[in-house]
Amino acid sequence: MSENIIEIDDDAFESEVLKSNLPVLVDFWAPWCGPCRAIAPTIEALEKSYAGKIKFVKVNVDENPLTPTKYAIQAIPTLIFFKDGQIADQITGMVAKAKLEEAIEGIL
Amino acid sequence: MKQTDYDLVIVGGGPAGLTAGIYAARARMNVVLYEKAAPGGQVIVSDWIENYPGFPDGISGYDLGEKMLNQAKNLGLNIEIEDVTSIQVDGEIKTVNLGKKSVSTKTVIIVSGASPKKLNIGESQFMGKGVSFCATCDGPFFRDKTVVAVGGGDTAVQESIFLTKFVKKLYLIHRRGELRATKILQERAHKNDKIEIVWDSVVSGMDGLFAVENVRVRNIKTGEEKDIKAQGCFIWIGITPNTAFLGDVLKMDDGGFIYTNENMETSVPGIFAAGDVRTTPLKQIVTAVGDAAIAVMSAEHYIENMQD
């Protein structure tokens, strides 16, 4: 896993995501989810391209039930883009890298 | 012979694509594989695979996909995450467009696979809010809940059985009076106390305030409708090929599957297709990988016989 994508827990969500100065892409995942593991390298590549412009974090939904419940997540992988503490975009399921780039460009 | 960026471009990174990559890498072809999202293909959402030889105890779809990927990488296959947006044919040279750039190649193998078919009864508003195509991804969110599953083939029955690890009750809605799934799966479904099969029926609608609360089921013989209180709706009613990017470059059937002959040749010389994307009588990993090996052999023959 890329060391630049930090794994955060329920307690850190507010400070790391909602109060972040940069926009944040939160990757909700779990070890038992094949597509979540499969897209991880793509997300790491995007992190390298957009370093300094958008912050990337991961939330393991198995270990952190509160945050997924708060955002009514019933499917993973789910990517939620936060800007100034608000949801700016949301993508559920495996999508093309080009779609993810488009979504990131859309919130920058 | 004309100069091109590649001998072979492989479009898609599922089992057929990775197998084509393995064969092409071993043949020392100048090859690249483009995958739009993540290598693995449909297999990575499958909970358990027990009809692919060599794994006597079965293997998870993700693990099988990862092994194929690692095998291709170990042989030096060049894999890039790129979305192929179109292909142009100019005699023997093909141009593969990738949005921001394009590459030229002598041959192309289309292995772009297929995606789950939708019901088209307004379920898209509930995507990720109860509607799912992936039991291994989303099953754990439905612990102790009631769900509906739609379909009667291998995928529907296999994944329904997997879901019963989590759910309290599963209604399997099937449009016919008997399942199409292979017998061993039917036996397991019939023995499973949590599964109730609703015969001769289709899902005609669903509703809920923020997420699925209610799934409407219509008996196609009697026309009678009933509501099932369910928090999830898993859809496995077949697949639709990922061929929209091809436009009308290749001949396809009415469903968009690419016509090929037994050498995996399409209607355009130098373009081949393999796996679920073509008009194959059986859509399995084991047939997809066989197709792919043949497609690479045909691509090599095509290059050997090129005119200029």
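Those protein sequence lines, which keep their order, are chains F and A. Position one of the first sequence corresponds to residue 2 (this note's numbering), numbered consecutively onward. Position one of the second sequence corresponds to residue 22 (this note's numbering), numbered consecutively onward. Where a beta carbon is used, it is the ideal one built from N, C-alpha and C, also for glycine. Values in this document were obtained by computation on a predicted structure and should not be read as measured data.
Of the listed residues I216(A), G198(A), D26(A), D78(A), nearest to L54(A) (C-alpha basis): D26(A)
What number of angstroms, rounded off, separates the C-alpha of W267(A) from the C-alpha of S107(A)? According to the sequence shown, residue 267(A) is Leu rather than Trp. Going by the C-alpha atoms only, they are around 6 angstroms apart.
Close Cβ partners of E48(F) (< 8 angstroms) along its chain, the five nearest in sequence each way excluded: S3, N5, I6, F57
When you compare the CB of M2(F) with every CB in chain A, is at least one pair closer than 7 angstroms? Only weak support exists for where M2(F) lies, its pLDDT of 48 falling under 50; the coordinates are left without a value.
Between the Cα of R197(A) and those of T126(A), L90(A), I218(A), spot the shortest distance and give me the residue it belongs to. I218(A)
Check whether F255(A) and A170(A) have beta carbons under 7 angstroms apart: yes
Contact criterion: CB-CB distance below 7 angstroms. Does K59(F) meet it with respect to chain A? no
Could you tell me which residues DSSP puts in a beta bridge with S153(A)? F255(A)
Who are the neighbours of G120(A) on chain F, taking C-beta pairs under 8 angstroms? A99
At the level of alpha carbons, what is the spacing between A39(F) and F29(F)? 13 angstroms
Strictly under 7 angstroms for the Cβ-Cβ distance: is P24(F) near chain A by that measure? no
Distance cutoff 7 angstroms, beta carbons only. Does P66(F) sit that close to anything in chain A? no
Inside the region 68–104 of chain A only - beta strand (DSSP E) runs reaching at least 3 residues: 100–102
Roughly how many angstroms lie between the CA atoms of S319(A) and G160(A), to the nearest whole one? 42 angstroms
The region 75–90 of chain A contacting the region 145–153 of chain A, beta-carbon criterion three pairs below 8 angstroms: no
Consider the Cβ of I44(F): report whether some Cβ of chain A lies at a distance smaller than 7 angstroms. no
Buried or exposed: where does I205(A) fall if 16 or more other Cβ atoms within 10 Å of its Cβ makes it buried? exposed
Spatial distance of G226(A) from Q252(A) (CA atoms): 13 angstroms
Closer than 8 angstroms by C-beta to E56(A): which residues in its own chain qualify, once you throw out the five before and the five after it? Chain order, please. G33, G34, G38, I100, E101, I102, E103
Within a Cβ cutoff of 6 angstroms, which residues of the same chain sit near L67(F), ignoring the five residues on either side of it in sequence? D11
Distance, G172(A) Cα to A89(F) Cα: 35 angstroms
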